[in-house]
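Trainee: Questions regarding the structure given below will be posed in turn.
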Amino acid sequence: MKLVIAEKPSVAMSLAAVLGATERKDGYLEGSGYLVSWCVGHLLELAQPEAYKEQYAKWRYEDLPILPENWKYEVPKDKKTQLALLCRLMKDKRVDSVVCATDAGREGELIFRLVYEYAGCKKPMERLWISSMEDAAIREGFDHLHPGSDYDKLYDAAVCRAGADWLIGINATRLFSVLYGVTLNVGRVMSPTLALLVQRESDIESFISKPFYVPEITCGGFTASGEKMTERSEAEKIRMDCDHNSAFVRSVEKQVKTIQPPRLYDLTTLQRECNRIYGYTAQQTLDYVQSLYEKKLATYPRTDSQYLTKDMQATAASLILWLRDNMIFGKGYAGEPDIDRVTDDSKVTDHHAIIPTVEIARTDLSELPSGERDVLTLLAVRLLCATTQVHRFEAVTAILDCQGYTFTAKGKTILQSGWKEVERIHRMSIRQSETEHKENEAVALPVLQEGQTFEAVSASLREGKTSPPKHYTEDTLLSAMETAGAEDMPEDAERKGLGTPATRAATLEKLVSAGFVQRKKKQLIPTEKGKNLIAVLPDNIKSPILTAEWESMLKQVEHGELSATSFMDQIADMSRTLVKEHTTPEERFADLFPSSKGTAHEAVGVCPRCGAPVFEGKKGFFCGNRECSFALWKDNRFFSSKKKSITKSVAAALLKEGRISMSGLYSEKTGRTYDAEVILDDTGGKYVNFKLEFPVKKGRRK
Numbered sequence: 004m005k006l007v008i009a010e011k012p013s014v015a016m017s018l019a020a021v022l023g024a025t026e027r028k029d030g031y032l033e034g035s036g037y038l039v040s041w042c043v044g045h046l047l048e049l050a051q052p053e054a055y056k057e058q059y060a061k062w063r064y065e066d067l068p069i070l071p072e073n074w075k076y077e078v079p080k081d082k083k084t085q086l087a088l089l090c091r092l093m094k095d096k097r098v099d100s101v102v103c104a105t106d107a108g109r110e111g112e113l114i115f116r117l118v119y120e121y122a123g124c125k126k127p128m129e130r131l132w133i134s135s136m137e138d139a140a141i142r143e144g145f146d147h148l149h150p151g152s153d154y155d156k157l158y159d160a161a162v163c164r165a166g167a168d169w170l171i172g173i174n175a176t177r178l179f180s181v182l183y184g185v186t187l188n189v190g191r192v193m194s195p196t197l198a199l200l201v202q203r204e205s206d207i208e209s210f211i212s213k214p215f216y217v218p219e220i221t222c223g224g225f226t227a228s229g230e231k232m233t234e235r236s237e238a239e240k241i242r243m244d245c246d247h248n249s250a251f252v253r254s255v256e257k258q259v260k261t262i263q264p265p266r267l268y269d270l271t272t273l274q275r276e277c278n279r280i281y282g283y284t285a286q287q288t289l290d291y292v293q294s295l296y297e298k299k300l301a302t303y304p305r306t307d308s309q310y311l312t313k314d315m316q317a318t319a320a321s322l323i324l325w326l327r328d329n330m331i332f333g334k335g336y337a338g339e340p341d342i343d344r345v346t347d348d349s350k351v352t353d354h355h356a357i358i359p360t361v362e363i364a365r366t367d368l369s370e371l372p373s374g375e376r377d378v379l380t381l382l383a384v385r386l387l388c389a390t391t392q393v394h395r396f397e398a399v400t401a402i403l404d405c406q407g408y409t410f411t412a413k414g415k416t417i418l419q420s421g422w423k424e425v426e427r428i429h430r431m432s433i434r435q436s437e438t439e440h441k442e443n444e445a446v447a448l449p450v451l452q453e454g455q456t457f458e459a460v461s462a463s464l465r466e467g468k469t470s471p472p473k474h475y476t477e478d479t480l481l482s483a484m485e486t487a488g489a490e491d492m493p494e495d496a497e498r499k500g501l502g503t504p505a506t507r508a509a510t511l512e513k514l515v516s517a518g519f520v521q522r523k524k525k526q527l528i529p530t531e532k533g534k535n536l537i538a539v540l541p542d543n544i545k546s547p548i549l550t551a552e553w554e555s556m557l558k559q560v561e562h563g564e565l566s567a568t569s570f571m572d573q574i575a576d577m578s579r580t581l582v583k584e585h586t587t588p589e590e591r592f593a594d595l596f597p598s599s600k601g602t603a604h605e606a607v608g609v610c611p612r613c614g615a616p617v618f619e620g621k622k623g624f625f626c627g628n629r630e631c632s633f634a635l636w637k638d639n640r641f642f643s644s645k646k647k648s649i650t651k652s653v654a655a656a657l658l659k660e661g662r663i664s665m666s667g668l669y670s671e672k673t674g675r676t677y678d679a680e681v682i683l684d685d686t687g688g689k690y691v692n693f694k695l696e697f698p699v700k701k702g703r704r705k
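Per the working numbering, the very first residue in the sequence shown carries number 4; after that it's consecutive.
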């Protein structure tokens, strides 16, 4: 009997239905020689530092860097039951082999392998590697299971990725947090991504807009433009010299140009397009396309390929014909499908491009949630665009002379709409604004001939101002992340950029949730907190080049070209250097974090709820973890009623010992003072509670 472990319940249900495992049990399904169960995402996570040494619970400079020799893992409380079940199923005597059916990628491999190792399982392991949840694809996948050992290096790369994120995240976050007295979350991918946003904001703020002037002449129903000028007087002189004088055509150049169809979608280009057209965030798009995948309507989403493999050509051809004949934008499809254009086995590693499945023909799209419908429609549009005819037009450039000044007129005439007709019909169907497409519209010039003369032209002056760089949107930021560091890496480097298609959306969400970035409509704007963080970080932490190199190295680990030990040694060395080079807060950054003035290398104490450092603020002592609500207010009602307040020393004692002996406590009932132990009684609610404990008086008779 085979035990099949999927990544989530919905996928397990689909696999079980195809395999014939229809008998429902508690946490798994059984039937036809299979047990089918599931993880719920990561069932095991890298342990926090205090799991290695108790002293690490406190954030202190002296303990850095923290470099575990062997990784320890923790089980989230809400996942203990499912993990225990999987361990029991792996030990079931009926089970003779285990099938890893988690998502076919780096993270999916990690999710399964950690459970397999935690259970101490030694039974043969096989790997299901599919790019579609269609029944036929599932059957094909189970007919051709791969040996689990084929993916050992993929697992190594996954462990390295998680370990690198832990080492940089823990050490850099603790280092800069204790130096500046405020929690500063640092991440291997998150920090250089934030740096891109901060640099763009700086470019915008420092940009000085300057006016420009363009003399133009209008004749024969078209307008020709002169050279852009910075001095109005010069441009005005040209206008006056040319107005009501004659102009002649010095030259006419005609050139037939071709715009090739776009490639199919990988995850990043799909996320960019959905943000540009629909305003969806990268995470929303990933959620929608993941749901479509699980509903068997789209192929595997976490891919970085924009091509199909040869064995998909027949399926793709039938799908294209159905879309052409049944979708409104299919009316713009011309010619026979050119599937060879989107087929290249050498450019498909783990998974091919994202396309709809043939299930779309049996689905009422109106019943899908709007977000999923939008994404699926976009996948269909792109498949048609990518395989239909090229867009061809004739570009005309005319050079005119007027009073010795040169003017240029440009126009174009569409010769073959090709793929742009499919795109145009789709835009009309969703009533998308045409504004962003106007510059590409065909504006034909009248027939012009060299030497042709125009009498009494009308001259004018077009005024404008230079524009600052635009704020990043998720569309443009994803593009920047994808290409970051590419110019500094060898041409043959397999992976460039920040993060992977599967992780970029989560990175953006972390930046927003941590308060480093805010969304303003489609724009992503760094906050003051985000700007301040980037200001204090060293260049190597916020540079995309180093992170891009690491991504390339992880790919080398995956292919067996670099050992996991070598990779992790480099990360550990960097952690050591980071701590060694930053021993005190820089004075020039003190004003960015007022609480850092005069701070020692440790916070007031450790949060009893989450273990993060607690720092002093103007009105109290607050947990540095933004997601934790723990606080000790200086004017706490319990203390103020006793004519006391929570001072720094009181807070430190309460956080360290959970209690403090206090004298001179005032009684509202008697008007007298007394001594007692004040005990921190934190139940995890909105407010912290306190209670009193009175010392036993010596010599009291029983």
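Cβ atoms here follow ideal geometry from the backbone N, Cα and C, with glycine treated the same way.
1. Between Ala54 and Glu619, what straight-line distance do the alpha-carbon atoms span, to the nearest angstrom?
2. If you check the beta carbons only, do Leu46 and Leu92 fall under 9 Å apart?
3. Rounded to whole angstroms, what is the Cα-Cα separation between Lys94 and Gly421?
4. Is Phe570 helix, strand or coil by DSSP?
5. Checking the sheet assignment: what are the DSSP bridge partners for Arg465?
6. If I'm right that Arg266 touches Ala412 with Cβ under 8 Å, what's the distance once you round it to whole angstroms?
7. Is Ser555 buried or exposed, if buried means 16 or more other CB atoms sit within 10 Å of its CB?
8. Could I get the ranges of all uninterrupted alpha helix (DSSP H) runs contained in the segment 480–542, with 4 residues as the minimum, in chain order?
9. What are the complete alpha helix (DSSP H) segments, minimum 4 residues, inside the segment 120–169?
10. Decide if Ser666 is buried, meaning its Cβ has at least 16 other Cβ atoms within 10 Å, or exposed.
11. Have a look at Leu464 and Gly414 and give me their C-alpha separation to the nearest angstrom.
12. Counting pairs of Cβ atoms below 8 Å between the segment 118–130 and the segment 76–90, do you hit three or more?
13. If you check the beta carbons only, do Asp269 and Pro504 fall under 9 Å apart?
14. Could you name each continuous beta strand (DSSP E) segment of 3 residues or more that falls completely within the segment 394–434, going from the start of the chain to the end?
15. Since Leu200 is in the alpha helix (DSSP H), which residue starts that stretch and which ends it?
16. Could you tell me which residues DSSP puts in a beta bridge with Leu668?
17. Rounded to whole angstroms, what's the CA-CA distance from Asp495 to Val515? Just pull it up for me.
18. With a cut-off of 8 Å on the beta carbons, I'd call Leu368 and Leu379 a contact; round off their distance for me.
19. Does the segment 568–588 come within contact of the segment 163–182, defined as at least 3 CB pairs closer than 8 Å?
20. Helix, strand or coil for Cys245? Go by DSSP, reduced to three states.
21. Looking only at DSSP bridge pairs, what is Phe618 linked to?
22. Once DSSP output is grouped into helix, strand and coil, what is the label at Phe225?
23. Where do the N-terminal and C-terminal ends of the alpha helix (DSSP H) with Val378 fall, by residue?
24. Note down the Cα distance separating Tyr615 from Thr580, rounded to an integer number of angstroms.
25. If Ile402 sits next to Arg253, beta carbons under 8 Å apart, how far is it from one beta carbon to the other, in whole angstroms?
26. Please work out which residues of its chain come closer than 8 Å, Cβ to Cβ, to Thr416, disregarding the five sequence neighbours upstream and downstream, and give them in chain order.
27. Between which two residues does the beta strand (DSSP E) carrying Ala20 extend?
28. With three or more beta-carbon pairs closer than 8 Å as the criterion, would you say the segment 302–316 touches the segment 345–354?
29. Taking contact to mean 3 or more Cβ pairs, one atom from each stretch, closer than 8 Å, check whether the segment 307–320 and the segment 333–353 are in contact.
30. Cα-Cα, which of Leu511, Ala654, Asp341, Ala107 is closest to Asn639?
31. What does the alpha-carbon distance come out to for the pair Phe457 and Glu466?
32. Consult DSSP for Val292 and reduce its assignment to one of helix, strand or coil.
33. Roughly how many angstroms separate the alpha carbons of Phe697 and Phe641, rounded to a whole number?
34. In the DSSP output, which residue or residues are listed as bridge partners for Lys646?
35. Just mark His394 as buried or exposed, buried being the case when its beta carbon has 16 or more other beta carbons within 10 Å.
36. Just the Cα atoms here: how many angstroms apart are Val607 and His429?
Mentor: Reading off the structure:
1. Roughly 27 Å separates the two Cα atoms.
2. 9 Å or more divides the Cβ of Leu46 from the Cβ of Leu92.
3. If I take the Cα positions, the gap works out to 59 Å.
4. DSSP places Phe570 in the helix class (H, G or I) of the three-state scheme.
5. According to DSSP, which records beta bridges pairwise, Arg465 is partnered with Val217.
6. Not quite, the Cβ-Cβ distance comes to about 34 Å (not below 8 Å), so this is no contact.
7. It counts as buried.
8. Entirely contained in the segment 480–542, the alpha helix (DSSP H) runs reaching 4 residues are, in chain order, 507–516, 531–539.
9. Taking only runs of at least 4 residues, the alpha helix (DSSP H) segments lying wholly in the segment 120–169 are 138–146.
10. When all chains shown are included, Ser666 counts as exposed.
11. One C-alpha to the other measures close to 20 Å.
12. Put simply, the segment 118–130 touches the segment 76–90. At least three CB pairs are less than 8 Å apart.
13. In this structure, Pro504 lies closer than 9 Å to Asp269 by Cβ.
14. Fully enclosed beta strand (DSSP E) runs of 3 or longer: 394–405, 408–419.
15. In this chain, the alpha helix (DSSP H) harbouring Leu200 covers 193–209.
16. Note: Leu668 sits in a beta bridge opposite Tyr677.
17. Confidence is the limiting factor: at Asp495 the pLDDT is only 46, short of 50, which leaves the residue's position unreliable, though a coordinate-based value still follows. Rounded to the nearest whole angstrom, the CA to CA distance from Asp495 to Val515 is 34 Å.
18. With a Cβ gap of about 7 Å, Leu368 and Leu379 count as contacting.
19. The segment 568–588 is in contact with the segment 163–182.
20. Correct three-state label for Cys245: helix.
21. Per DSSP, Phe625.
22. Strand at Phe225.
23. Unbroken alpha helix (DSSP H) run through Val378: 373–390.
24. In the sequence as displayed, the identity of residue 615 is Ala instead of Tyr. Cα-Cα distance, rounded: 24 Å.
25. Ile402 to Arg253, Cβ: 5 Å. Contact.
26. Beyond the five residues adjoining it in sequence on each side, Thr416 comes within less than 8 Å, by CB distance, of Phe396, Glu397, Val399, Ala445, Ala447 in the same chain, given in chain order.
27. For Ala20, there is no enclosing beta strand (DSSP E); the enclosing alpha helix (DSSP H) covers residues 12–22.
28. Here the segment 302–316 makes contact with the segment 345–354; the two share three or more CB pairs at distances below 8 Å.
29. Between the segment 307–320 and the segment 333–353, the count of Cβ pairs shorter than 8 Å is three or higher; the stretches touch.
30. Cα-wise, what sits closest to Asn639 is Ala654.
31. C-alpha of Phe457 to C-alpha of Glu466: approximately 24 Å in a straight line.
32. Looking at Val292 - three-state DSSP - the assignment turns out to be helix.
33. For the pair Phe697 and Phe641, the Cα-to-Cα distance works out to about 16 Å.
34. Under DSSP, Lys646 shares a beta bridge with no residue.
35. Buried, since its Cβ has 16 or more Cβ neighbours within 10 Å.
36. Roughly 59 Å between the two C-alpha positions.
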